[in-house]
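**Student:** Listed in order, the protein sequences are those of chains U and P.
When the letters of the first sequence are read in order and numbered with this note's numbering, they come out as residues 13 to 166.
When the letters of the second sequence are read in order and numbered with this note's numbering, they come out as residues 13 to 166.
All C-beta atoms, glycine included, are put in the ideal place defined by N, C-alpha and C.
Remember, predicted model here, so these are calculated numbers, not experimental data.
There are 2 protein chains.
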Amino acid sequence: MSIALERFGDRWSLLIIRDLMVRGFHTFKQFQESGEGIASNVLTDRLRRLKKWGIISAETETGDARRVNYRLTEKGIDLAPVMLELLIWGSRHEAAGLPCAVTENMAKNREQVLKEVRLRWQNRDRTPVLPAYSPGNFFSGNKRTKGARIPSNP
Amino acid sequence: MSIALERFGDRWSLLIIRDLMVRGFHTFKQFQESGEGIASNVLTDRLRRLKKWGIISAETETGDARRVNYRLTEKGIDLAPVMLELLIWGSRHEAAGLPCAVTENMAKNREQVLKEVRLRWQNRDRTPVLPAYSPGNFFSGNKRTKGARIPSNP
DNA sequence: CAAATTAACTTGCAATATGCAAGTGATATT
DNA sequence: AATATCACTTGCATATTGCAAGTTAATTTG
Chain U
13 MSIALERFGD RWSLLIIRDL MVRGFHTFKQ FQESGEGIAS NVLTDRLRRL
63 KKWGIISAET ETGDARRVNY RLTEKGIDLA PVMLELLIWG SRHEAAGLPC
113 AVTENMAKNR EQVLKEVRLR WQNRDRTPVL PAYSPGNFFS GNKRTKGARI
163 PSNP
Chain P
13 MSIALERFGD RWSLLIIRDL MVRGFHTFKQ FQESGEGIAS NVLTDRLRRL
63 KKWGIISAET ETGDARRVNY RLTEKGIDLA PVMLELLIWG SRHEAAGLPC
113 AVTENMAKNR EQVLKEVRLR WQNRDRTPVL PAYSPGNFFS GNKRTKGARI
163 PSNP
């Protein structure tokens, strides 16, 4: 069986990766309080597994040794195309929080979007890709389109 | 939380979709005997859920009322881009059964590959995308490249 | 500097999901 | 008519997840 499918065959792993990728999450607490409802013991386990698999890294913050900063590795950020396709699919086929116009625009400019996401990763940019969050949505889950800088037809 | 991620947040759903998409599976029995080890009660449940969500359809075969034919819907086949990106990611970052040359070729010809997959779906073509199966691989899991008609640089 | 707070986990136990082996019932084949 | 096949069910053991309440180490506060 495909290793890739085994990796993400649970309720939380992909969600954690998405939150790291586009919502700017980087601490244990943020995941816990995100409202998604992951139990702390499971969160611990998932972060550990993702780290073991080289998808995320964990390093204690310089200046506050209580905090641990989680971050996608190169391998992790390489999942961006998967996430983007899932976003587009969800927007087309499931009730979505983002207006279809926005996601269809993303679909037309996949390379652009992915370039932008990777740049944010390189720059350690922690602002959410879309500013706020509301349920039912994929990327950051907000209906606002303002601030979603990503796709503007070239 | 994203509906798309909720849909596939279990061990088997994506695997079933992949098997329908590229391995030519279409019966309960095939899934059971595929060696992936899904329990029959869970398989029943997953097929039911996927049907409920409109991702697959189920119809009893004309001519043999015992058989049920499972098939991806339009919504289901639209997951092909997600699957393809997962395949490419897995090939780059996890031990893969397919030679990287093949998957990188697919990565260069995504549109081609997707067109081919959709055509197979339209034609109800049940031959596996890649002829045989070996573990550790994503699409059909075979190391053979012969018969993988999909990517040939244009 | 002692007390309170914070962040990242652990622990114990209940609830849920999954795995397994053995059915069942409706066709179809021999 | 007997046997086999196919798509499920059922009952129960095991594993995973969810929940609430700790624990530990590191800051912050008064």
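Would you mind giving the Cβ-Cβ distance between Ser25 (chain U) and Arg58 (chain U), rounded to the nearest angstrom? I have them listed as a contact below 8 Å.
**Tutor:** Indeed they touch by this definition, with Cβ atoms about 6 Å apart.
**Student:** With DSSP run on the structure shown, which of helix, strand or coil describes Ala177 (chain P)?
**Tutor:** The first residue shown for chain P is 13 and the last is 166, placing residue 177 (chain P) beyond what the model contains.
**Student:** Could you say if the stretch 88-106 of chain U and the stretch 115-125 of chain U meet the contact criterion of at least three C-beta pairs nearer than 8 Å?
**Tutor:** Judged by Cβ distances under 8 Å, the stretch 88-106 of chain U makes contact with the stretch 115-125 of chain U, as three or more pairs qualify.
**Student:** Arg23 (chain U) CB to nearest chain P CB: under 8 Å?
**Tutor:** Judged by the 8 Å Cβ criterion, Arg23 (chain U) is in contact with chain P.
**Student:** For chain P, check one thing: does any of its Cβ atoms lie closer than 8 Å to the Cβ of Ser14 (chain U)?
**Tutor:** Yes, Ser14 (chain U) counts as interfacial toward chain P.
**Student:** Can you pull the chain U neighbours of Asp90 (chain P), defined as C-beta to C-beta under 8 Å?
**Tutor:** Ordered by position in chain U, the residues that pass the 8 Å Cβ test against Asp90 (chain P) are Trp101, Arg104 and His105.
**Student:** Spatial neighbours of Ser52 (chain P) within its chain, please: CB distance less than 7 Å, with the 5 preceding and 5 following residues excluded, ordered by chain position.
**Tutor:** So the list reads Gln44, once near-sequence residues are dropped.
**Student:** Measuring CB to CB, does Thr130 (chain P) end up less than 8 Å from Ile67 (chain P)?
**Tutor:** Before going on, a small fix: residue 130 (chain P) reads as Arg here, not Thr. No, the pair does not count as a contact, with Cβ atoms beyond the cut-off.
**Student:** Whose CA, out of U:Ser14, U:Asp22, U:Met33 and U:Phe20, lies closest to the CA of Leu142 (chain U)?
**Tutor:** Ranking U:Ser14, U:Asp22, U:Met33 and U:Phe20 by Cα distance to Leu142 (chain U) puts U:Met33 first.
**Student:** From the DSSP secondary-structure annotation, give me the bridge partner or partners of Arg83 (chain P).
**Tutor:** DSSP lists P:Ser69 as partners of Arg83 (chain P).
**Student:** Determine whether the beta carbon atoms of Asp31 (chain P) and Gly21 (chain U) lie at a separation below 8 Å.
**Tutor:** Going by C-beta atoms, Asp31 (chain P) is not nearer than 8 Å to Gly21 (chain U).
**Student:** For Arg122 (chain U) versus Leu84 (chain U), is the C-beta distance shorter than 8 Å?
**Tutor:** Going by C-beta atoms, Arg122 (chain U) is not nearer than 8 Å to Leu84 (chain U).
**Student:** Leaving out five residues on either side along the sequence, give the residues of the same chain with a beta carbon under 7 Å from the beta carbon of Glu48 (chain P).
**Tutor:** The answer, listed in chain order, is Leu27.
**Student:** For the candidate residues U:Asp137, U:Lys127, U:Pro140 and U:Val54, whose alpha-carbon lies nearest to that of Leu91 (chain U)?
**Tutor:** Measuring from the Cα of Leu91 (chain U), the nearest candidate turns out to be U:Lys127.
**Student:** For Thr185 (chain U) and Tyr82 (chain U), which I take to be in contact (beta-carbon distance under 8 Å), what is that distance rounded to the nearest angstrom?
**Tutor:** Outside the modelled stretch of chain U, which goes from 13 to 166, sits residue 185 (chain U), for which no answer is possible.
**Student:** Where do the N-terminal and C-terminal ends of the alpha helix (DSSP H) with Pro133 (chain P) fall, by residue?
**Tutor:** Position check: residue 133 (chain P) holds Trp in this sequence, whereas Pro was assumed. Arg122 to Gln134 is the span of the alpha helix (DSSP H), which, as asked, contains Trp133 (chain P).
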